[in-house]
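Here's the structure we're looking at; comments come further down.
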Amino acid sequence: MTKTTISLVLCVTLSAALSACNSKTSANEKNFGVTVTQYFDKKGEMCLDPVKWPVDVYEVDIRQQKMYPDNVAGQMAALEAAGLARAEDVDLPETKTKVRRYTMADAAKPFLREKAGRAPRLCWGRKSLDKVVRWADPVKKSGQEESAVIYTYQLSDVAAWARLPKVKEAFPELGRNVDGEHKQKEKLYVKLTEKGWEAYGLND
């Protein structure tokens, strides 16, 4: 085999290897970064649990608020302090019980997200990819190639009210996310499709 032929074979082999590395189906940091970003673009919004307005808070919940600041009384009081809810005392005629009734304030509407068949949710920020930390070697299960991606994320478009101490105390999951920016690791399960890697649940 001549030197020219050997060089040509090496070039073709190297080109094929580089092409494989750059393929959308390859398991690498770039492709998994695209997959996580695609997932966040569709499902990266950070929201409180759904609330069915109005919310009636009973005296027993108000008495327990200091001990359990994340109970319904604490959560509604935090939203009121943030200007997102209004409260009034109401007598329930059927039981002659007094409750504190909370309704959504106009200031909450820009943060409100609604989906058909679901209670409205107040959303306070969005996740975006910080970096892909590592991933599991792909394995085939039931004919589907799968992997799991570990990544860190950062928060963007965080509402000012989400950083209030009272809100973070009343909604511990929100507080952990806000206080743990850039530090928390998450896992995303992904599958290989004809178009490349895709997160499970992307289209749910």
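To convert, take the position in the sequence shown, counting from 1, and add 29; that gives our numbering. Every residue, glycine too, gets a C-beta built ideally from N, C-alpha and C. Computed from a predicted structure; not experimentally measured.
Tell whether a beta-carbon distance below 7 Å holds between residue i and residue j.
| i | j | result |
| --- | --- | --- |
| residue 226 | residue 188 | no |
| residue 177 | residue 165 | yes |
| residue 128 | residue 87 | yes |
| residue 230 | residue 156 | no |
| residue 132 | residue 83 | yes |
State buried or exposed for residue i, treating a residue as buried only when at least 16 other CB atoms are found within 10 Å of its CB.
| i | result |
| --- | --- |
| residue 97 | exposed |
| residue 199 | buried |
| residue 173 | exposed |
| residue 213 | exposed |
| residue 108 | buried |
| residue 145 | exposed |
What does a CB cutoff of less than 8 Å around residue i pick up in its chain, not counting 5 residues either side in sequence?
| i | result |
| --- | --- |
| residue 79 | 147, 148, 149 and 150 |
| residue 208 | 197 |
| residue 203 | 75, 77, 153, 191, 196 and 197 |
Which value, in whole angstroms, describes the spacing of the CA atoms of residue i and residue j?
| i | j | result |
| --- | --- | --- |
| residue 106 | residue 216 | 34 Å |
| residue 116 | residue 125 | 19 Å |
| residue 130 | residue 114 | 10 Å |
| residue 85 | residue 134 | 15 Å |
| residue 221 | residue 170 | 11 Å |
| residue 162 | residue 58 | 8 Å |
| residue 60 | residue 184 | 21 Å |
Spatial neighbours of residue i within its chain, please: CB distance less than 7 Å, with the 5 preceding and 5 following residues excluded, ordered by chain position.
| i | result |
| --- | --- |
| residue 158 | 62, 65, 66, 69, 180 and 182 |
| residue 111 | 190, 193 and 196 |
| residue 56 | 164, 167 and 176 |
| residue 100 | 90, 93 and 94 |
What residues are listed by DSSP as bridge partners for residue i?
| i | result |
| --- | --- |
| residue 153 | Residue 153 pairs with nothing; no bridge assigned. |
| residue 163 | 179 |
| residue 173 | 170 |
| residue 225 | 222 |
| residue 119 | 128 |
| residue 85 | 130 |
| residue 114 | 133 |
Near residue i, which residues of its chain fall below 6 Å by C-beta distance, leaving aside the five closest residues on each side in sequence?
| i | result |
| --- | --- |
| residue 250 | Outside the shown range of the chain, which is 30 to 233, sits residue 250, and nothing can be said about it. |
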